[in-house]
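A short write-up of the structure that comes next.
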Amino acid sequence: MKRILSVLALLLLTATLALAQDSAVKSVLDRYEDFRPQADDLAMYQIDWAPSLEEAQKRARREKRPVFLVIIHAQYGDLTSGHC
Numbered sequence: 674m675k676r677i678l679s680v681l682a683l684l685l686l687t688a689t690l691a692l693a694q695d696s697a698v699k700s701v702l703d704r705y706e707d708f709r710p711q712a713d714d715l716a717m718y719q720i721d722w723a724p725s726l727e728e729a730q731k732r733a734r735r736e737k738r739p740v741f742l743v744i745i746h747a748q749y750g751d752l753t754s755g756h757c
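Going by our numbering, the first residue of the sequence shown is number 674, and it counts up by one from there.
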């Protein structure tokens, strides 16, 4: 009898902890969504890349736009993550 009560108590505790964790996870995700920038806020980070400088210059002349030249010299350069 003691063993059955112990097992039932353990199962109840496990279920309670699982529900509490789900609630905590949902709370964190809700907060994350509140602070996460929307796609419109990140639009300035999207660059219209060209495969080469020559192609970029042709497009710039055709579209009457300037060339935005980014030179990444780091081994693992990545402009979107801020490592350049």
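Ideal Cβ placement from N, Cα and C applies to all residues, glycine included.
Spanning the alpha carbons of R732 and R709 requires a straight line of approximately 34 Å.
Less than 8 Å divides the Cβ of V740 from the Cβ of Q730.
Inter-residue distance for V698 and T687 is about 16 Å (C-alpha atoms, whole angstroms). Judged by DSSP in its simplified three-state form, Q711 adopts coil rather than helix or strand.
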